[in-house]
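Sequential numbering from 12 applies to the sequence shown in this note's numbering. C-beta atoms are modelled at their ideal positions from N, C-alpha and C, and glycine is treated no differently. To start, the structure itself, in structure tokens.
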Amino acid sequence: MSEIRICGYRPLSGEINVQGSKNGVLPMLAASLLQCGTMRFTNVPIIQDVACMVGILESVGCRCRFQGSRLSIDASRVIKTAIPQEDVKKMRSSILVMGALLGRTGEAAAWYPGGCSIGSRPVDLHLLAFSRLGAGVEEEEGRIRARGRLRGGEIVFPFPSVGATENALLAAVLAPGETVIFGAAREPEIITLCQLLRQMGAVIAGEGTERIQIKGVSRLYETEYAVPGDRIAAGTYLAAVTAAGGQAVLWGAPWESMGAVTETLCRCGACIEPLPGEGGRILGARILMEGRPRPVRLQTGPYPEFPTDLQSPMLAVLSLAEGESRLRENVFEARFKTAAELKKMGADITVSGNQAVIQGKEGLSGARVRAWDLRGGAALVAAALAARGETVIEDCIHIERGYEDICRDVQCLHGDIRWSA
Ligand code: UD1
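Okay, structure coming up:
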């Protein structure tokens, strides 16, 4: 069982190259199935979830090759349309392969997905999208099968689900006729997926708004794409510096998509600025934090609101604030498991329903804690860097699902952190 040991209570200082986006790359890898040549991706994060997605693509017939952070996917020979149960249980995003397989072959089968234990995560909206495009959808004992010749249709989502919007896009780009998605998610990962699909030859308009229009084309083509920086990994490190104090430069942090995060951490007292490059390009972010964080009131929500994925790291920051903070979780109902772990470190957090009230403490102390989920684990790293003494985080396998090497990155900030077997 992998553990991380951290000796905290010292300011951070240094520079990190932010990894490629986990949530950005996963739907892109699924999109590879929509063409019959070889897709080439660069800046691919080397994380467990990518390995799992590559495993699924190989299991349906793709040939995948990694060279450092470059990944090529030859999808000329797709021979299977069923996604193995073990993969689907491991990672919820495996469901994205269904939309792409359905678009390419008219058939896809999977199981109800797994992933982090952060609340009930149904797939009804994904299945709604498939059926609105003309697929017959059957569910039996945890198995899902979708079949049929797709055609354009109107899809109305009652909630802007990121995954369901991606699945709808993947299924619709090759479906003859026009598809309109109402109530679409507006996350930056939707925009980059649409950019990639358009580069492959798809006809799409309106991404980044609640209404996306797709005109089905008969064929898509291979292309090359650089995965953008991970806004959640960058936000995690900004939160760690806000909790522990110090300064950092994050090269490759996608500044334009981090507005709610940088604005919130600035309210907490951090000074965060973009790193300007040539021709008005922004190359990343710089942060400076002195003193204790200030308390805030905050709620999570679909983009452009504050991301639910950074709610747990914010709990760590606010546990150290000079006063009372309130945090409301509006996306995943069971995402406060990390509060109990932070309490072991001395945090004063009261959770009721989807709200947490945090009485900031002058300091936290090291303890033995457990990573219950990916972002909760990263939040414990941030808290431990600020805490006096040693913290041991158990079950860090969850962290590896989304962070290439959190110890390497924090060591770049001169944090005292290491993996222990
Ligand atoms: C994606 C992100 C995840 C992030 C989440 C919300 C990836 C790989 N993962 O997850 O990191 O936390 O967006 O920003 O991109 N829902 C339904 N029925 C459905 C689908 C979703 O009720 O069919 C509900 C979920 O239970 C949840 C909410 O919608 O309450 C948001 O889920 P969704 O946006 O779909 O998240 P994911 O795509 O799973």
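Same chain, Cβ closer than 6 Å to D427, neighbours up to 5 away in sequence not counted: What you label residue 427 is simply residue 416 of the sequence shown in a count that begins at 1. Excluding positions up to five away in sequence, the list reads C18.
What separation, rounded to the nearest whole angstrom, lies between the Cα atoms of A254 and P315? In the sequence shown, counting from the first residue as 1, residue 254 sits at position 243. In the sequence shown, counting from the first residue as 1, residue 315 sits at position 304. For A254 and P315, the distance between alpha carbons rounds to 23 Å.
Near I129, what residues of its chain come up, given a Cβ to Cβ distance below 6 Å and the 5 sequence neighbours on each side ignored? Within the sequence shown, the letter at position 118 stands for residue 129. The predicted position of I129 is uncertain, since its pLDDT is 46 and thus under 50; no value can be drawn from it.
Please report the straight-line C-alpha distance between S268 and P199, rounded to a whole angstrom. As a position in the sequence shown, residue 268 is number 257, starting the count at 1. As a position in the sequence shown, residue 199 is number 188, starting the count at 1. So the two alpha carbons sit approximately 7 Å from each other.
The ligand UD1 and S323: does the residue's C-beta get closer than 7 Å to at least one heavy atom of that ligand? Working through the sequence shown from its first residue, we reach residue 323 at position 312. Every heavy atom of the ligand UD1 is 7 Å or more from the Cβ of S323, so no.
For the stretch 304-358, which segments carrying the alpha helix (DSSP H) assignment without a break, of at least 4 residues, lie completely within its bounds, in sequence order? For the stretch 304-358, whole alpha helix (DSSP H) runs of length 4 or above, ordered along the chain, are 322-329, 348-355.
Specify the secondary structure class of F141 as computed by DSSP and reduced to three states. Stepping through the sequence shown from its first residue, residue 141 is reached at position 130. It is helical.
Just list the residues that DSSP pairs A156 with in beta bridges. Stepping through the sequence shown from its first residue, residue 156 is reached at position 145. The question names Ala, but residue 156 is Arg in the sequence shown. In the DSSP output, where bridge partners are listed per residue, R156 has A120, E149.
Among D241, A213, A244, nearest to R230 - alpha-carbon criterion: Numbered from 1 along the sequence shown, position 219 holds the residue referred to as residue 230. Considering only alpha carbons, the answer is A213.
In the stretch 15-101, which residue ranges form an unbroken beta strand (DSSP E) of at least 3 residues, counting only runs that do not cross its ends? Fully enclosed beta strand (DSSP E) runs of 3 or longer: 23-28, 49-53, 74-78, 81-85.
Within this structure, are the beta carbons of M50 and T220 separated by less than 8 Å? In the sequence shown, residue 50 corresponds to position 39, counting from 1. In the sequence shown, residue 220 corresponds to position 209, counting from 1. No, Cβ-Cβ distance for M50 and T220 is not below 8 Å.
DSSP on G400, reduced to helix/strand/coil? Stepping through the sequence shown from its first residue, residue 400 is reached at position 389. Three-state result, G400: coil.
Please state the DSSP three-state secondary structure of E189. By one-based count along the sequence shown, residue 189 stands at place 178. Here E189 carries a strand assignment [DSSP, helix/strand/coil].
Does the Cβ of K11 have 16 or more other Cβ atoms within 10 Å, making it buried, or fewer, making it exposed? The structure shown does not extend to residue 11, since the chain is modelled only from 12 through 432, so no value can be given for it.
Counting pairs of beta carbons, one from the stretch 389-404 and one from the stretch 314-329, are three or more of them closer than 8 Å? The stretch 389-404 makes contact with the stretch 314-329, as at least three CB pairs between them are under 8 Å.
Cβ pair R160, G117 closer than 8 Å: If you number the sequence shown from 1, residue 160 lands on position 149. If you number the sequence shown from 1, residue 117 lands on position 106. Contact: yes.
With respect to 7 Å, is the separation between the Cβ of T319 and the closest non-hydrogen atom of the ligand UD1 below this value? Translated into positions along the sequence shown, residue 319 becomes position 308. T319: yes, Cβ under 7 Å from the ligand UD1.
Beta-carbon contacts of T275 that lie in its chain and below 8 Å, excluding the five residues immediately before and after: The residue labelled residue 275 in the question sits at position 264 within the sequence shown. Hits under 8 Å: V307, L309, F317, M325.
So, with DSSP's three-state summary, where would you put S376? In the sequence shown, residue 376 corresponds to position 365, counting from 1. DSSP places S376 in strand when its eight states are reduced to three.
Please report the distance separating the alpha-carbon of A216 from that of I223. Looking up residue 216 in the sequence shown gives position 205. Looking up residue 223 in the sequence shown gives position 212. Rounded to the nearest whole angstrom, the CA to CA distance from A216 to I223 is 6 Å.
Going along the chain, which residues of its own chain have a beta-carbon closer than 8 Å to the beta-carbon of E69, five neighbours each way excluded? As a working note, residue 69 is residue 58 in the sequence shown. C75.
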